[in-house]
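Participant: Going by our numbering, the letters in the sequence shown line up with residues 1295 to 1457, in that order.
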Amino acid sequence: MATDAVPIVRLLLAARQTMILWRGTELTQLFNNEYLPYFGSGGRDLVALGATGEVHWADAWPIIGPEIRGVMESGESTWHEDRLVPITRNGRLESVYWTYGYTPLFESDGRVAGVLVICQDTTLRVLAVTELERVNRELDEALAQLRTSHWHIRRNQEVLPSE
């Protein structure tokens, strides 16, 4: 790791935000303690440090690999909100929603030397919003049926002779 990386590694390790750094052409990864819960159980965290991104994240690589390579080639940052990126954790493939940004890391000569990822697992929020939307649709349908029933009752009261 070049001397240029020391400040960014210090930042990564001190940060309270979840971060991963992929560095070099092999995209060797380093992450901070905030990322550890995202590995789940099963020891996946034990083999993650120093692994290459493509090998360690093979299940997600078809989605994230082209994005990371794009940042490495263009030097442009990216941002994604509530994006479904399935990953293996807890011994199985899980549907995980992420909000994340890829930021290029530049060497002093201007070359892109790596990608810093700041991310958050938003799965619980996405699922809660999805469930809330479903419940709201059901309530709207129930209210529409209630209005129709109420209209029929009123209409029948108008038609029926009163005693």
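No residue lacks a Cβ here, since even glycine has one placed at the ideal position from N, Cα and C.
State the CB to CB distance for the pair I1362 and G1344, rounded to an integer number of angstroms; the pair is presumed to be in contact (CB under 8 angstroms).
Facilitator: Their Cβ separation, rounded to whole angstroms, is 17 angstroms, which puts I1362 and G1344 out of contact at 8 angstroms.
Participant: Starting from P1398, follow the alpha helix (DSSP H) in both directions and report where the run begins and ends.
Facilitator: Here P1398 belongs to no alpha helix (DSSP H); instead the beta strand (DSSP E) covers Y1391 to F1400.
Participant: Need the endpoints of the beta strand (DSSP E) that G1408 sits in, please.
Facilitator: V1406 to D1415 is the extent of the beta strand (DSSP E) around G1408.
Participant: Which residues mark the beginning and the end of the beta strand (DSSP E) in which E1361 is found?
Facilitator: Note, E1361: premise wrong, no beta strand (DSSP E); alpha helix (DSSP H) at W1355 to S1368.
Participant: Taking the alpha-carbon of W1351 as reference, which of L1387, P1331, G1369 and E1375 has the nearest alpha-carbon?
Facilitator: Checked all of L1387, P1331, G1369 and E1375; the closest Cα to W1351 is L1387.
Participant: With distances taken from CA atoms, which of S1335, N1326 and E1435 is nearest L1306?
Facilitator: Among S1335, N1326 and E1435, the Cα nearest to that of L1306 is on N1326.
Participant: Identify, in the order they occur along the chain, each residue of the same chain with its Cβ nearer than 6 angstroms to the Cβ of E1375, setting aside the five sequence neighbours on each side.
Facilitator: Closer than 6 angstroms at Cβ, skipping near neighbours: T1393.
Participant: Output the boundary residues of the beta strand (DSSP E) element that contains L1461.
Facilitator: Not covered by the structure: residue 1461. The range shown for the chain is 1295 to 1457.
Participant: DSSP state of T1319, grouped into three classes?
Facilitator: Three-state DSSP puts T1319 in coil, outside helix and strand.
Participant: Can you name, in chain order, every residue of its own chain whose Cβ lies under 7 angstroms from the Cβ of V1300, other than the five neighbours on each side?
Facilitator: Contacts found: none.
Participant: Note down the Cα distance separating G1395 from V1411, rounded to an integer number of angstroms.
Facilitator: Answer to the nearest angstrom: the Cα atoms are 6 angstroms apart.
Participant: Under the rule that 16 or more other beta-carbon atoms within 10 Å means buried, what is T1424, buried or exposed?
Facilitator: With fewer than 16 Cβ atoms within 10 Å of its Cβ, T1424 is classed as exposed.
Participant: What number of angstroms, rounded off, separates the C-alpha of R1377 from the C-alpha of Y1391?
Facilitator: C-alpha separation (whole angstroms): 5 angstroms.
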